[in-house]
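Residue numbers (this note's numbering): 1387 to 1739.
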(Lines of atoms letter the chains of each structure in order from A and count residues from 1; the text may use other names and numbers.)
(Lines give C-alpha, C1' and ligand atoms only; values in the text may rest on other atoms or scores of the structure.)
Protein backbone atom coordinates (compact mmCIF):
# COMPACT_ATOMS: atom_id res chain seq x y z
CA UNK A 1 0.00 0.00 0.00
CA UNK A 2 1.44 3.35 -1.02
CA UNK A 3 2.23 5.64 1.89
CA UNK A 4 0.53 9.02 1.79
CA UNK A 5 2.91 11.94 1.53
CA UNK A 6 2.86 14.68 4.17
CA UNK A 7 0.26 17.30 3.48
CA UNK A 8 1.79 20.63 2.42
CA UNK A 9 0.22 23.80 3.73
CA UNK A 10 -1.16 25.84 0.85
CA UNK A 11 -2.90 28.92 2.23
CA UNK A 12 -5.39 30.62 -0.08
CA UNK A 13 -3.84 33.33 -2.26
CA UNK A 14 -5.96 35.93 -0.50
CA UNK A 15 -4.59 35.03 2.96
CA UNK A 16 -1.24 36.26 4.27
CA UNK A 17 1.19 33.46 5.05
CA UNK A 18 2.21 33.56 8.70
CA UNK A 19 4.70 32.01 11.04
CA UNK A 20 1.92 29.67 12.20
CA UNK A 21 1.79 28.18 8.67
CA UNK A 22 5.53 27.51 8.83
CA UNK A 23 5.23 25.91 12.28
CA UNK A 24 2.41 23.64 11.04
CA UNK A 25 4.38 22.65 7.92
CA UNK A 26 7.52 21.83 9.95
CA UNK A 27 5.54 20.30 12.84
CA UNK A 28 7.27 22.50 15.42
CA UNK A 29 6.23 25.23 17.82
CA UNK A 30 6.05 28.94 16.99
CA UNK A 31 8.93 29.51 19.39
CA UNK A 32 11.12 27.09 17.43
CA UNK A 33 10.40 28.93 14.18
CA UNK A 34 11.29 32.21 15.89
CA UNK A 35 14.58 30.79 17.19
CA UNK A 36 15.52 29.53 13.73
CA UNK A 37 14.73 32.87 12.11
CA UNK A 38 16.80 34.69 14.73
CA UNK A 39 19.68 32.21 14.32
CA UNK A 40 19.56 31.02 17.93
CA UNK A 41 22.45 28.57 18.51
CA UNK A 42 20.37 26.22 20.68
CA UNK A 43 18.33 24.84 17.75
CA UNK A 44 19.38 21.35 16.66
CA UNK A 45 20.64 21.11 13.06
CA UNK A 46 17.91 18.68 11.99
CA UNK A 47 15.12 20.89 13.31
CA UNK A 48 16.74 23.96 11.80
CA UNK A 49 16.82 22.28 8.37
CA UNK A 50 13.17 21.25 8.74
CA UNK A 51 12.08 24.79 9.57
CA UNK A 52 14.16 26.30 6.76
CA UNK A 53 12.58 23.82 4.33
CA UNK A 54 9.12 24.80 5.58
CA UNK A 55 9.93 28.48 5.08
CA UNK A 56 10.98 27.75 1.50
CA UNK A 57 7.86 25.64 0.87
CA UNK A 58 5.38 28.17 2.22
CA UNK A 59 7.20 31.23 0.89
CA UNK A 60 6.88 32.99 4.22
CA UNK A 61 8.94 36.17 4.72
CA UNK A 62 9.71 37.33 8.27
CA UNK A 63 8.51 40.84 9.05
CA UNK A 64 11.79 42.71 9.49
CA UNK A 65 10.10 45.74 11.07
CA UNK A 66 8.32 43.62 13.67
CA UNK A 67 11.53 41.72 14.40
CA UNK A 68 13.47 44.94 14.93
CA UNK A 69 10.81 46.20 17.34
CA UNK A 70 11.04 42.99 19.39
CA UNK A 71 14.82 42.68 19.37
CA UNK A 72 15.87 46.36 19.06
CA UNK A 73 17.98 45.23 16.11
CA UNK A 74 17.45 45.82 12.40
CA UNK A 75 20.24 43.39 11.38
CA UNK A 76 21.59 46.11 9.10
CA UNK A 77 25.03 47.73 8.94
CA UNK A 78 25.38 51.04 7.10
CA UNK A 79 28.52 51.95 5.18
CA UNK A 80 29.31 55.44 3.83
CA UNK A 81 32.31 55.72 1.49
CA UNK A 82 33.57 58.76 -0.44
CA UNK A 83 33.68 57.05 -3.86
CA UNK A 84 32.08 53.68 -4.51
CA UNK A 85 33.48 53.69 -8.06
CA UNK A 86 36.99 53.51 -6.61
CA UNK A 87 38.14 49.87 -6.94
CA UNK A 88 40.05 50.12 -3.66
CA UNK A 89 36.92 51.06 -1.72
CA UNK A 90 34.97 48.38 -3.60
CA UNK A 91 37.46 45.77 -2.37
CA UNK A 92 37.14 47.06 1.22
CA UNK A 93 33.33 46.87 1.00
CA UNK A 94 33.54 43.34 -0.41
CA UNK A 95 35.64 42.16 2.54
CA UNK A 96 33.25 43.77 5.03
CA UNK A 97 30.17 42.30 3.37
CA UNK A 98 31.62 38.78 3.61
CA UNK A 99 31.89 39.01 7.40
CA UNK A 100 28.51 40.69 7.87
CA UNK A 101 26.73 38.11 5.73
CA UNK A 102 28.17 35.32 7.89
CA UNK A 103 26.59 37.03 10.91
CA UNK A 104 23.21 37.42 9.20
CA UNK A 105 23.47 41.16 8.63
CA UNK A 106 22.39 43.15 5.58
CA UNK A 107 24.99 45.58 4.22
CA UNK A 108 23.74 49.02 3.10
CA UNK A 109 26.36 50.85 1.02
CA UNK A 110 26.13 54.59 0.27
CA UNK A 111 28.32 56.97 -1.73
CA UNK A 112 29.04 60.48 -0.38
CA UNK A 113 30.94 61.63 -3.48
CA UNK A 114 33.57 63.17 -1.16
CA UNK A 115 31.02 65.76 0.00
CA UNK A 116 30.80 66.55 3.73
CA UNK A 117 27.19 67.70 3.44
CA UNK A 118 26.33 64.38 1.81
CA UNK A 119 28.23 62.57 4.59
CA UNK A 120 25.99 64.19 7.18
CA UNK A 121 22.83 63.56 5.16
CA UNK A 122 23.61 59.86 4.70
CA UNK A 123 24.64 59.35 8.32
CA UNK A 124 21.41 60.86 9.59
CA UNK A 125 19.40 58.79 7.14
CA UNK A 126 21.06 55.54 8.23
CA UNK A 127 20.71 56.40 11.92
CA UNK A 128 17.02 57.17 11.42
CA UNK A 129 16.69 53.69 9.91
CA UNK A 130 18.24 52.38 13.15
CA UNK A 131 21.17 50.53 11.62
CA UNK A 132 22.98 48.41 14.20
CA UNK A 133 26.41 49.69 13.20
CA UNK A 134 28.32 51.94 10.81
CA UNK A 135 31.43 51.70 8.65
CA UNK A 136 32.48 55.17 7.61
CA UNK A 137 35.18 57.04 5.67
CA UNK A 138 34.52 60.78 6.23
CA UNK A 139 35.30 63.19 3.42
CA UNK A 140 36.85 65.67 5.87
CA UNK A 141 38.22 64.62 9.24
CA UNK A 142 38.34 68.21 10.49
CA UNK A 143 34.67 69.09 10.06
CA UNK A 144 33.42 69.32 13.67
CA UNK A 145 29.88 68.30 12.71
CA UNK A 146 31.02 64.79 11.77
CA UNK A 147 32.64 64.05 15.13
CA UNK A 148 29.77 65.69 17.02
CA UNK A 149 27.20 63.51 15.26
CA UNK A 150 29.10 60.30 15.94
CA UNK A 151 29.64 61.24 19.59
CA UNK A 152 25.91 61.81 20.07
CA UNK A 153 24.89 58.43 18.70
CA UNK A 154 25.52 55.17 20.51
CA UNK A 155 25.65 53.26 17.25
CA UNK A 156 28.95 51.32 17.01
CA UNK A 157 31.07 52.98 14.31
CA UNK A 158 34.36 51.95 12.74
CA UNK A 159 36.27 54.41 10.56
CA UNK A 160 38.03 53.21 7.41
CA UNK A 161 41.29 54.98 6.47
CA UNK A 162 40.33 57.86 8.73
CA UNK A 163 40.98 59.22 12.25
CA UNK A 164 38.57 61.53 14.02
CA UNK A 165 39.65 61.23 17.64
CA UNK A 166 41.72 58.82 19.75
CA UNK A 167 38.48 57.34 21.10
CA UNK A 168 37.18 56.24 17.68
CA UNK A 169 37.69 52.70 16.39
CA UNK A 170 39.42 52.64 13.02
CA UNK A 171 41.13 50.39 10.48
CA UNK A 172 43.74 52.01 8.26
CA UNK A 173 46.66 51.11 6.00
CA UNK A 174 50.24 52.05 6.83
CA UNK A 175 50.61 54.69 4.12
CA UNK A 176 53.53 56.34 5.90
CA UNK A 177 55.62 53.19 5.66
CA UNK A 178 54.52 52.49 2.09
CA UNK A 179 55.65 55.90 0.81
CA UNK A 180 58.83 55.70 2.86
CA UNK A 181 59.64 52.39 1.14
CA UNK A 182 58.95 53.95 -2.26
CA UNK A 183 61.24 56.93 -1.61
CA UNK A 184 63.97 54.68 -0.17
CA UNK A 185 63.87 52.56 -3.31
CA UNK A 186 64.03 55.56 -5.63
CA UNK A 187 66.91 57.06 -3.66
CA UNK A 188 68.75 53.73 -3.85
CA UNK A 189 68.71 53.84 -7.66
CA UNK A 190 69.99 57.40 -7.81
CA UNK A 191 66.87 59.62 -7.83
CA UNK A 192 66.82 62.68 -5.57
CA UNK A 193 64.40 64.92 -7.49
CA UNK A 194 61.35 62.94 -6.47
CA UNK A 195 57.87 64.44 -6.73
CA UNK A 196 54.88 63.49 -4.59
CA UNK A 197 51.38 64.14 -5.93
CA UNK A 198 48.63 63.22 -3.47
CA UNK A 199 45.58 64.42 -1.55
CA UNK A 200 44.98 67.06 1.07
CA UNK A 201 46.07 66.82 4.67
CA UNK A 202 42.45 66.85 5.87
CA UNK A 203 42.25 63.07 5.52
CA UNK A 204 44.60 60.47 6.96
CA UNK A 205 46.01 59.01 3.70
CA UNK A 206 47.19 62.44 2.51
CA UNK A 207 48.84 63.23 5.85
CA UNK A 208 50.48 59.84 6.20
CA UNK A 209 51.85 59.80 2.65
CA UNK A 210 53.44 63.20 3.11
CA UNK A 211 54.83 62.14 6.50
CA UNK A 212 56.45 59.05 4.98
CA UNK A 213 57.89 61.16 2.16
CA UNK A 214 59.50 63.62 4.59
CA UNK A 215 60.78 60.82 6.87
CA UNK A 216 62.53 59.03 4.02
CA UNK A 217 64.47 62.15 3.00
CA UNK A 218 65.29 62.98 6.63
CA UNK A 219 66.57 59.47 7.24
CA UNK A 220 68.77 59.70 4.13
CA UNK A 221 70.09 63.14 5.13
CA UNK A 222 68.93 64.59 1.80
CA UNK A 223 66.83 67.72 1.32
CA UNK A 224 63.82 67.47 -1.00
CA UNK A 225 62.54 70.26 -3.21
CA UNK A 226 59.19 71.55 -1.80
CA UNK A 227 58.22 72.63 -5.33
CA UNK A 228 57.95 68.94 -6.25
CA UNK A 229 55.23 68.31 -3.64
CA UNK A 230 51.60 68.75 -4.72
CA UNK A 231 48.98 68.06 -2.02
CA UNK A 232 45.54 69.06 -3.26
CA UNK A 233 43.61 66.12 -4.69
CA UNK A 234 43.68 62.43 -5.57
CA UNK A 235 41.67 62.46 -8.77
CA UNK A 236 42.86 61.76 -12.31
CA UNK A 237 42.29 65.31 -13.60
CA UNK A 238 44.50 66.76 -10.85
CA UNK A 239 47.22 64.21 -11.60
CA UNK A 240 47.02 64.99 -15.33
CA UNK A 241 47.44 68.70 -14.73
CA UNK A 242 50.16 68.52 -12.07
CA UNK A 243 52.32 65.96 -13.89
CA UNK A 244 52.36 68.26 -16.92
CA UNK A 245 53.38 71.21 -14.73
CA UNK A 246 56.07 69.20 -13.00
CA UNK A 247 57.58 68.02 -16.26
CA UNK A 248 57.57 71.60 -17.64
CA UNK A 249 59.79 72.83 -14.79
CA UNK A 250 63.33 73.99 -15.73
CA UNK A 251 64.61 71.10 -13.61
CA UNK A 252 61.81 68.50 -13.68
CA UNK A 253 61.58 65.52 -11.33
CA UNK A 254 63.24 62.29 -12.39
CA UNK A 255 60.69 60.23 -10.44
CA UNK A 256 57.08 60.79 -9.40
CA UNK A 257 55.02 59.07 -6.71
CA UNK A 258 51.30 59.16 -7.48
CA UNK A 259 49.68 59.05 -4.03
CA UNK A 260 46.23 57.76 -4.98
CA UNK A 261 45.08 54.84 -7.12
CA UNK A 262 42.77 56.97 -9.31
CA UNK A 263 45.67 59.28 -10.22
CA UNK A 264 47.63 56.85 -12.37
CA UNK A 265 45.50 57.23 -15.55
CA UNK A 266 45.92 61.01 -15.42
CA UNK A 267 49.67 60.74 -14.92
CA UNK A 268 50.12 58.35 -17.83
CA UNK A 269 47.99 60.53 -20.12
CA UNK A 270 50.12 63.56 -19.21
CA UNK A 271 53.31 61.66 -20.01
CA UNK A 272 51.91 60.50 -23.36
CA UNK A 273 50.87 64.09 -24.23
CA UNK A 274 54.38 65.38 -23.52
CA UNK A 275 56.03 62.38 -25.22
CA UNK A 276 57.67 61.50 -21.90
CA UNK A 277 58.69 57.87 -21.75
CA UNK A 278 58.39 55.73 -18.60
CA UNK A 279 60.90 54.86 -17.16
CA UNK A 280 63.47 56.30 -19.61
CA UNK A 281 62.50 59.92 -18.90
CA UNK A 282 60.74 59.60 -15.55
CA UNK A 283 60.20 56.76 -13.08
CA UNK A 284 56.69 56.34 -11.67
CA UNK A 285 55.39 54.71 -8.49
CA UNK A 286 51.64 54.33 -7.94
CA UNK A 287 49.81 53.91 -4.63
CA UNK A 288 47.12 51.24 -4.65
CA UNK A 289 47.11 48.09 -6.76
CA UNK A 290 44.84 48.29 -9.81
CA UNK A 291 44.46 46.44 -13.11
CA UNK A 292 45.97 49.44 -14.90
CA UNK A 293 49.10 49.35 -12.73
CA UNK A 294 49.62 45.66 -13.48
CA UNK A 295 48.73 45.75 -17.19
CA UNK A 296 50.22 49.10 -18.25
CA UNK A 297 53.24 49.14 -20.55
CA UNK A 298 55.52 49.09 -18.70
CA UNK A 299 53.83 47.64 -15.56
CA UNK A 300 53.85 50.17 -12.73
CA UNK A 301 55.74 49.80 -9.45
CA UNK A 302 53.07 49.94 -6.75
CA UNK A 303 52.55 50.39 -3.02
CA UNK A 304 49.82 47.92 -2.10
CA UNK A 305 48.01 46.43 0.91
CA UNK A 306 45.30 43.86 1.58
CA UNK A 307 42.09 45.78 0.97
CA UNK A 308 39.61 42.97 1.64
CA UNK A 309 41.39 42.29 4.93
CA UNK A 310 40.73 45.91 5.92
CA UNK A 311 37.03 45.44 5.25
CA UNK A 312 36.89 42.15 7.13
CA UNK A 313 38.70 43.68 10.11
CA UNK A 314 36.36 46.69 10.20
CA UNK A 315 33.26 44.48 10.02
CA UNK A 316 34.62 42.19 12.76
CA UNK A 317 35.15 45.16 15.08
CA UNK A 318 31.57 46.34 14.47
CA UNK A 319 30.28 42.85 15.26
CA UNK A 320 32.31 42.77 18.47
CA UNK A 321 30.99 46.17 19.54
CA UNK A 322 27.38 45.13 18.88
CA UNK A 323 27.88 41.98 20.95
CA UNK A 324 29.35 43.89 23.89
CA UNK A 325 27.11 44.38 26.92
CA UNK A 326 26.56 48.01 27.98
CA UNK A 327 29.20 49.00 30.48
CA UNK A 328 29.39 51.86 32.92
CA UNK A 329 33.14 52.15 32.38
CA UNK A 330 35.10 53.27 29.33
CA UNK A 331 36.37 50.90 26.70
CA UNK A 332 39.68 50.77 24.89
CA UNK A 333 39.40 51.98 21.27
CA UNK A 334 40.45 49.52 18.57
CA UNK A 335 43.08 50.85 16.13
CA UNK A 336 44.16 48.38 13.45
CA UNK A 337 46.94 49.24 11.00
CA UNK A 338 47.19 47.07 7.88
CA UNK A 339 50.78 46.74 6.55
CA UNK A 340 51.81 48.00 3.12
CA UNK A 341 54.45 46.71 0.74
CA UNK A 342 56.12 47.91 -2.45
CA UNK A 343 55.84 45.74 -5.56
CA UNK A 344 58.73 46.45 -7.94
CA UNK A 345 57.91 46.49 -11.64
CA UNK A 346 59.43 48.04 -14.75
CA UNK A 347 58.19 51.63 -14.34
CA UNK A 348 61.30 52.59 -12.37
CA UNK A 349 64.88 52.68 -13.67
CA UNK A 350 68.21 53.88 -12.28
CA UNK A 351 68.88 57.56 -12.83
CA UNK A 352 70.80 58.23 -16.04
CA UNK A 353 73.68 60.70 -15.84
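Backbone N, C-alpha and C define an ideal beta-carbon position, used for all residues, glycine too.
Asked: Separation of residue 1731 from residue 1615, as counted between CA atoms; Found: 23 Å
Asked: Sequence ranges, alpha helix (DSSP H) only - wholly within the stretch 1669-1698, length at least 4; Found: 1677-1681
Asked: Residues near residue 1587 in its chain [Cβ-Cβ closer than 8 Å; skip 5 each side]; Found: 1593, 1596, 1617
Asked: Sub-8 Å separation of residue 1674 and residue 1690 beta-carbons; Found: yes
Asked: Alpha carbon of residue 1583 to alpha carbon of residue 1591, nearest angstrom; Found: 12 Å
Asked: Extent of the continuous beta strand (DSSP E) run through residue 1420; Found: It is not in any beta strand (DSSP E) - residue 1420 instead sits in the alpha helix (DSSP H) that spans 1416-1423.
Asked: Sequence-distant residues of its chain with Cβ nearer than 7 Å to residue 1535 (five each side left out); Found: 1506, 1509
Asked: DSSP state of residue 1502 mapped onto helix, strand, coil; Found: helix
Asked: Limits of the beta strand (DSSP E) - the one that residue 1565 falls within; Found: That residue, residue 1565, is in no beta strand (DSSP E); its alpha helix (DSSP H) goes 1561-1574.
Asked: Sub-8 Å separation of residue 1565 and residue 1598 beta-carbons; Found: yes
Asked: Proximity to residue 1610 [Cα-Cα], best of 1569, 1562, 1636, 1533; Found: 1569
Asked: Contacting residues, own chain, Cβ-Cβ under 6 Å from residue 1684 (five flanking each side not counted); Found: 1732, 1733
Asked: When 1407, 1682, 1422 are compared against residue 1444, the one with the closest alpha-carbon; Found: 1407
Asked: Paired residues, beta bridge with residue 1460 - DSSP; Found: The partner list for residue 1460 (beta bridge, DSSP) is empty, contrary to what the question assumes.
Asked: Sequence ranges, alpha helix (DSSP H) only - wholly within the stretch 1636-1661, length at least 4; Found: 1650-1659
Asked: Limits of the unbroken alpha helix (DSSP H) element including residue 1527; Found: Where residue 1527 is concerned, there is no enclosing alpha helix (DSSP H), given that its DSSP letter is neither H nor E.
Asked: Boundaries (first-last residue) of the beta strand (DSSP E) holding residue 1616; Found: 1615-1617
Asked: Residue burial classification, residue 1561 (beta-carbon count within 10 angstroms, cutoff 16); Found: buried
Asked: Where residue 1531 falls, given that 16 or more other Cβ within 10 Å makes a residue buried; Found: exposed
Asked: Where the beta strand (DSSP E) containing residue 1494 begins and where it ends; Found: 1492-1497
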